[in-house]
Amino acid sequence: MPEEKQLIQPVAIERDEHGFWTHPAWPSTEEELIPYAWFYDRGLDVKQVEFEYDAPETLQAA
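Here you go:
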C-alpha cells in the first residue's frame, strides 16, 4: 500500500534569531537539508532566496 501523503497546512511564521524559518512539515535532516524528492513527490517546486545574493545591491548597502 503506498504511503498516504499529508497536505501541508498553513502555520504561523516564527523566525529564529537569524531570521530563518522552516515549515514544521519539512523533513530536513543533517545529511539532507533540502529534501528535493519529498517536495517533488508532492508536486512542489523548491525555491530559495538569499538576501546576500538575490537582493538588489542598493538594498544590501542600506
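First residue of the sequence shown: 1262, per my numbering; consecutive thereafter.
We put the beta carbon where it would ideally sit given N, CA and C, even for glycine.
Here the structure is a predicted model, which is why all the values come from computation and not from measurement.
Quick check on residue 1277: does DSSP put it in helix, strand or coil? coil
If you run the structure through DSSP and keep just helix, strand and coil, what is residue 1313? Here DSSP, grouped into helix, strand and coil, assigns residue 1313 to helix.
Within 7 Å, strictly: CB atoms of residue 1310 and residue 1297: no
Pick out whichever of 1322, 1284, 1275, 1314 has its Cα sitting closest to the Cα of residue 1269. 1284
Thinking residue 1274 and residue 1282 are a contact (beta carbons under 8 Å), I'd like their distance in whole angstroms, please. 5 Å
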